[in-house]
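Undergrad: This structure is in structure tokens; I'll ask about it shortly.
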Amino acid sequence: MTAPTVVRLRLDLRVRDNPALRAAVDADGPVVPVWIDDDAQWGAWPPGGASRWWLHRSLARLDESLRDRGSRLIVRRGDVATELAAVAAATGAESIVWNRLYEPATVERDKALKAALTERGFAVRTFADRLLHEPWDVLKADGTPYRVFTPLWRAYQRVGVETELAAAPRAIAAPEAWPDSVAIDDLGFDPTIDWAARFPDRWTPGESGASRALSHAIGEGVVERYDDERDQPDRYGTSRLSPHLHFGEISARNVWHDVTRAVTNGDLAEDAATPFLRQLVWREFAHSLLYHEPQTESEPLRPEFEAFPWRDDDAGLAAWQRGKTGYPIVDAGMRELWATGWMHNRVRMVVASFLVKDLLVPWQRGAAWFWDTLVDADLANNTMGWQWTAGCGADAAPFFRIYNPVRQGERFDASGAYVRRWVPELADVPDKWIHEPWSAPSDVLAAAGVRLGHDYPEPIVDHALARDVALASYKRLGDGAD
Ligand SMILES: Cc1cc2nc3c(=O)[nH]c(=O)nc-3n(C[C@H](O)[C@H](O)[C@H](O)COP(=O)(O)OP(=O)(O)OC[C@H]3O[C@@H](n4cnc5c(N)ncnc54)[C@H](O)[C@@H]3O)c2cc1C
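With the sequence shown counted from 1, adding 12 to any position gets you this note's numbering.
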């Protein structure tokens, strides 16, 4: 009889189209699915609070799904190499498999882990899974990675995407005896405060929640209307697949496959599908950048930004985090984040710009807050998003393009519906003033029941002045922004 295979699961919490799990099942012996709680494996970026909330539920769903197939999830706590070897020893496994990740700390550690386990006599195999193409697969003609998005996108269109999906195994053979496992509920992953109480209104972590989100995006017209509605934060205008993709509850291949199949079947116009598929390639771009420029998880890609005169404005940072800056679109975004663990992409750009350019707080501090509070916190996407907004990343918005929070609100939340939802104290402010209540005549504010500085803050900075200061600081970097 074939010896068992240990499958190390990380950000691939699903049974469908999971190459490592499929390889273990195809080996025809028992399979031991393992998830290891070891913060060290993530380097400086162990899962934040919102990610842990998600993980708790996603692991439970995965365990149920494995149990439906005669298997179960073994959860261990401790050093990855020690735990994998212990699980293998307890079950007589000779092979260990996992899907590859590309974050700097995981790449280094996985190399060392593979060497150590091989040395101990295990057959170790790893698989491509997380992206449509691995970061070293699609390169420029000179063999270097893309630093600009559009040529990468064109290259993806040229090369195409393999979308054959491996079906979920119907049955997964169990080892003779299961090794010890920590109970998922004992991982202590739920926040101790009731911060995440409303997350379940929006999210269903786990593989079936991911499938439903994709079916909704395709079947209910989200992808069809994507180009028109993706920038309107009050709509369900984007797929909301990001946490599911981050935790690997659905593969990017699967998303690409279902969207392109809808086009082939005539259920979706190609013109509508393309802008959506393009976003998936932004995700690839982010992963490629971080893989090839590993220092960017904490340092600006453009080194001259090291000398930027950032300010450690703790009071400003705290007002931003709490959604109390006095700029309604910024506050709405930050409150959406706190209440749901997610924020609309357009608003992410606005709040990030505000922190970095109006308050001059270093982008790393904003990235750290997002890391802790986003259910989709993803090192590659988050790093790129912040560096892009701060103007110090690849193919980034130039520093001198500073979002005006009032104009952004008027443009993308014209009716104020998004602000009214998340900043209810402004609910009765007329549309005309909803994005700049400080400019409203006092009788209008009185009629809306708002006393500025009391019910809702005065702006913590004057945007026009802050913009001048930011531009002057940027000019001193000698970058020639004018
Ligand atoms: C400052 C900042 C921080 C960000 N941090 C994260 C993060 O931690 N995790 C994260 O997944 N995304 C991050 N993003 C990117 C983007 O905001 C989210 O991916 C998107 O809002 C998720 O919503 P959705 O699933 O409905 O996206 P859709 O618009 O439906 O897009 C589909 C998928 O494409 C990918 N995608 C879309 N836009 C981007 C993008 N700009 N960059 C990379 N991938 C993208 C995501 O995986 C997304 O789920 C950040 C953006 C900014 C500006």
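Backbone N, C-alpha and C fix where the C-beta goes; we use that ideal spot for every residue, glycine too.
Hey, E261 and T395: beta-carbon distance below 9 Å or not?
TA: Not closer than 9 Å, so no.
Undergrad: By alpha-carbon positions, which one of A97, W165, G461 and V373 ends up nearest to D324?
TA: V373
Undergrad: Give every residue of the same chain whose Cβ lies closer than 7 Å to the Cβ of D474, excluding the five residues on either side of it in the sequence, and list them in chain order.
TA: Cβ within range, chain order: n/a, list empty.
Undergrad: Going by C-alpha distance, which of F320, L33 and G55 is nearest R182?
TA: L33
Undergrad: Relative to the alpha-carbon of I205, which residue among S220, V92 and W350 has its alpha-carbon at the smallest distance?
TA: W350
Undergrad: Can you have a look at A97 and say buried or exposed, based on whether 16 or more other CB atoms are within 10 angstroms of its CB?
TA: A residue is called buried once 16 or more other Cβ atoms fall within 10 Å of its Cβ, and A97 is buried on that count.
Undergrad: DSSP on Y495, reduced to helix/strand/coil?
TA: The chain is shown from 13 up to 494; residue 495 falls before or after that span and cannot be answered.
Undergrad: By DSSP, does G492 sit in helix, in strand, or in coil?
TA: Any reading at G492 needs caution, since the residue's pLDDT is 45, under 50, leaving its predicted position unreliable; the model's value is listed next. Residue state, collapsed to three classes: coil.
Undergrad: Would V37 and V18 be called neighbours here (beta carbons separated by less than 9 Å)?
TA: no
Undergrad: Just the C-alpha distance for T216 and A330, rounded to the nearest angstrom, thanks.
TA: 30 Å
Undergrad: Who pairs with I86 in a beta bridge, going by DSSP?
TA: V46
Undergrad: Just the Cα atoms here: how many angstroms apart are W381 and T118?
TA: 22 Å
Undergrad: Answer yes or no: do L143 and E296 have a C-beta to C-beta separation smaller than 9 Å?
TA: E296 sits close to L143, with the two beta carbons spaced by under 9 Å.
Undergrad: What does the Cβ neighbour count give for T352, buried or exposed, with the cut at 16 atoms within 10 Å?
TA: It is buried - the Cβ of T352 has at least 16 other Cβ atoms within 10 Å.
Undergrad: With a Cβ-Cβ cutoff of 9 Å, do A35 and F134 count as a contact?
TA: no
Undergrad: For W190, does the three-state DSSP call read helix, strand or coil?
TA: coil
Undergrad: Could you name the residues of the same chain whose beta carbon sits closer than 8 Å to that of E236, not counting the 5 residues immediately before and after it, in chain order?
TA: Result list for E236: L280, A281 and A284, in chain order.
Undergrad: Along the chain, which unbroken stretches of the alpha helix (DSSP H) at least 4 residues long are found entirely within the stretch 98-141?
TA: Counting whole runs of 4 or more residues, the stretch 98-141 contains the alpha helix (DSSP H) stretches 116-131.
Undergrad: With a threshold of 7 Å on Cβ separation, who are the neighbours of L391 within its own chain once the five nearest residues in sequence on each side are excluded?
TA: W57, E115, L302 and E309
Undergrad: Out of K126, R121 and L113, which one is the CA nearest neighbour of S107?
TA: K126
Undergrad: Tell me whether D425 is buried or exposed, calling it buried when 16 or more other Cβ atoms sit within 10 Å of its Cβ.
TA: Label assigned to D425: buried.
Undergrad: Closest to L74 by C-alpha separation, out of L85, W66, R64 and R224, would be which residue?
TA: Nearest C-alpha to L74: L85.
Undergrad: Indicate, with yes or no, if ligand 1 has a heavy atom lying under 8 Å from the CB of G378.
TA: yes
Undergrad: Along the chain, where does the beta strand (DSSP E) containing T276 start, and where does it finish?
TA: Unbroken run through T276 is the alpha helix (DSSP H), A264 to T276; no beta strand (DSSP E).
Undergrad: Taking contact to mean at least 3 C-beta pairs separated by less than 8 Å, is the stretch 57-70 in contact with the stretch 87-103?
TA: no
Undergrad: Which term fits E219, buried or exposed, when burial requires 16 or more other beta carbons within 10 angstroms of its beta carbon?
TA: Under this definition E219 is a buried residue.
Undergrad: Touch check for the stretch 246-254 and the stretch 419-435: three-plus C-beta pairs under 8 Å?
TA: yes
Undergrad: Confirm, please, whether the CB-CB distance from Q399 to A389 is below 9 Å.
TA: Result no, Cβ atoms of A389 and Q399 do not sit closer than 9 Å.
Undergrad: Could you check if L477 is buried or exposed, using at least 16 other CB atoms within 10 Å of its CB as the buried criterion?
TA: Answer is exposed; the Cβ neighbour count stays below 16.
Undergrad: Return yes when the Cβ of D384 is within less than 9 Å of the Cβ of G172, no when it is not.
TA: no
Undergrad: Hey, would you say H256 sits closer than 9 Å to A298, going by beta carbons?
TA: no
Undergrad: Can you grab the Cα-Cα spacing for the pair P321 / V27, in whole Å?
TA: P321 and V27: Cα-Cα distance of roughly 49 Å.
Undergrad: Is L386 near ligand 1, going by C-beta to nearest heavy atom under 8 Å?
TA: yes
Undergrad: Return the chain-ordered list of same chain residues with a C-beta closer than 7 Å to the C-beta of A180, the five sequence neighbours on each side being excluded.
TA: V27 and R28
Undergrad: List the residues that DSSP assigns as beta-bridge partners of T94.
TA: T94 is not bridged to any residue.
Undergrad: Would you decide whether R79 is buried or exposed? Buried here means 16 or more other CB atoms lie within 10 Å of its CB.
TA: exposed
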